[in-house]
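Residue numbers (the working numbering), protein chains in the order written: chain A, 141 to 351; chain B, 33 to 197. As structure tokens, the structure follows; a few thoughts come after it.
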């Protein structure tokens with residue numbers, strides 16, 4: 141019986157269209173280190189959305205996020221020769237993005253750019269959790285998702301840079317404590333305590349919208 | 033540090049996942065980044081002259097400012113040279129090279145070299161009787177002298193005109 145199942149599985153594998161296996165990051169990095177721009181282009185395509193999202197949620201400004209994302213990848217390309225592969229390319233490029241963003245935010249503190257928020261996508265209106273938050277728990281029933289988005293971004297901007305980063309990486313991007321620890325160069329325990337503190341702060345700022 | 037206490041907050045934070053950049057943004061972004069990389073590589077390879085031209089192309093006002101500054105410096109230099117020359121000429125009864133700091137410069141027309149220098153240049157190697165067209169060594173003596181010279185003997189004329197056998 142087992143042999144029969146195995147044979148059927150092999151037959152199915154043979155019938156399946158051959159899809160080229162995705163090239164590993166490590167190989168693309170090696171090619172990029174030898175000056176292969178197309179390999180680096182592929183790495184950009186793989187991680188641009190996550191890098192952009194992190195920077196965007198840190199700055200709450202699309203233009204800043206656009207500039208910083210570009211600068212992050214340009215710097216990554218220039219420094220790729222020094223990338224030893226001790227961590228994944230993803231962690232390494234994230235670290236560049238995070239450092240760039242935190243430096244940018246330190247410089248920007250005296251200038252006030254204001255928000256430049258991206259539009260909510262179509263799915264937001266159909267997210268059951270969000271619909272419930274807006275229609276049932278919100279004391280001001282007339283408040284729409286866009287207003288809630290603004291309040292949320294205001295509350296996020298009240299956090300310190302490191303606390304905002306932890307919330308962004310964990311609660312928005314879904315990274316584990318260990319991954320965040322590698323990116324922020326601290327241990328997972330520190331990540332947990334920062335996350336707890338940041339959530340408390342956010343809950344305090346958004347108390348009216350979370351009853 | 034219980035996650036359950038923050039359930040509603042986490043639901044609200046999920047709203048941030050729905051904030052998306054304009055449609056097609058991520059299709060264009062890699063091209064922009066690659067253009068940045070290529071331009072920065074080109075900039076690193078180009079010469080200082082290319083860099084300067086590129087800067088002037090980008091900022092015509094800067095180019096004009098540079099032009100005016102250089103022209104101004106040239107005019108100032110020209111004017112300064114005229115003033116100095118006039119000062120030198122106006123100096124107490126002296127001719128063109130008579131006064132001021134220019135006086136220290138020797139007049140090439142009136143200055144005579146020392147007697148040693150004159151004699152040296154008149155006859156640098158002390159070869160007064162030497163002619164460059166007359167050979168120093170002759171293997172066969174002239175016919176007029178050959179009579180007095182024993183056969184097979186070499187005839188040599190020295191630089192001062194004496195004959196040696």
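We treat Cβ as the ideally placed atom computed from N, Cα and C, and that holds for glycine.
Residue i versus residue j: straight-line alpha-carbon distance, rounded
| i | j | result |
| --- | --- | --- |
| residue 219(A) | residue 180(A) | 12 Å |
| residue 198(B) | residue 173(A) | Nothing in the structure corresponds to residue 198(B), since chain B is present only between 33 and 197. |
| residue 230(A) | residue 224(A) | 13 Å |
| residue 293(A) | residue 256(A) | 10 Å |
| residue 312(A) | residue 228(A) | 21 Å |
| residue 248(A) | residue 242(A) | 10 Å |
| residue 217(A) | residue 70(B) | 11 Å |
| residue 281(A) | residue 308(A) | Any reading at residue 281(A) needs caution, since the residue's pLDDT is 47, under 50, leaving its predicted position unreliable; the model's value is listed next. Whole-angstrom Cα-Cα distance: 27 Å. |
| residue 97(B) | residue 110(B) | 20 Å |
| residue 321(A) | residue 171(A) | 28 Å |
| residue 267(A) | residue 327(A) | 34 Å |
| residue 95(B) | residue 102(B) | 11 Å |
| residue 164(A) | residue 63(B) | 22 Å |
| residue 226(A) | residue 104(B) | 59 Å |
| residue 113(B) | residue 150(B) | 36 Å |
| residue 297(A) | residue 168(A) | 36 Å |
| residue 88(B) | residue 99(B) | 11 Å |
| residue 74(B) | residue 176(A) | 16 Å |
| residue 85(B) | residue 54(B) | 36 Å |
| residue 92(B) | residue 329(A) | 56 Å |
| residue 291(A) | residue 57(B) | 25 Å |
Enclosing alpha helix (DSSP H) for residue i [first to last residue]
| i | result |
| --- | --- |
| residue 329(A) | 328 to 345 |
| residue 195(A) | 177 to 199 |
| residue 206(A) | 202 to 219 |
| residue 303(A) | 301 to 307 |
| residue 284(A) | Residue 284(A) -> no alpha helix (DSSP H), and no H or E assigned at all. |
| residue 42(B) | 39 to 45 |
| residue 165(A) | 165 to 173 |
| residue 313(A) | No alpha helix (DSSP H) contains residue 313(A), which DSSP labels as neither H nor E. |
| residue 234(A) | 229 to 248 |
| residue 98(B) | 92 to 122 |
| residue 152(B) | 147 to 154 |
Cβ-Cβ distance between residue i and residue j below 7 Å
| i | j | result |
| --- | --- | --- |
| residue 212(A) | residue 237(A) | yes |
| residue 235(A) | residue 323(A) | yes |
| residue 341(A) | residue 288(A) | no |
| residue 187(A) | residue 205(A) | no |
| residue 48(B) | residue 310(A) | no |
| residue 258(A) | residue 51(B) | yes |
| residue 41(B) | residue 166(A) | no |
| residue 346(A) | residue 295(A) | yes |
| residue 43(B) | residue 269(A) | yes |
| residue 68(B) | residue 331(A) | no |
| residue 285(A) | residue 260(A) | yes |
| residue 245(A) | residue 325(A) | no |
Outcome for residue i when other beta-carbon atoms lying within 10 angstroms are tallied against a minimum of 16
| i | result |
| --- | --- |
| residue 319(A) | buried |
| residue 344(A) | exposed |
| residue 209(A) | buried |
| residue 184(A) | buried |
| residue 303(A) | buried |
| residue 194(A) | buried |
| residue 202(A) | buried |
| residue 305(A) | buried |
| residue 65(B) | buried |
| residue 335(A) | buried |
| residue 398(A) | Outside the displayed span of chain A (141 to 351) sits residue 398(A), for which this structure offers no information. |
| residue 107(B) | exposed |
| residue 61(B) | buried |
| residue 45(B) | buried |
Distance cut-off 6 Å: residue i Cβ against heavy atoms of the ligand FMN
| i | result |
| --- | --- |
| residue 93(B) | No copy of the ligand FMN occurs in the structure displayed, which carries no ligand at all. |
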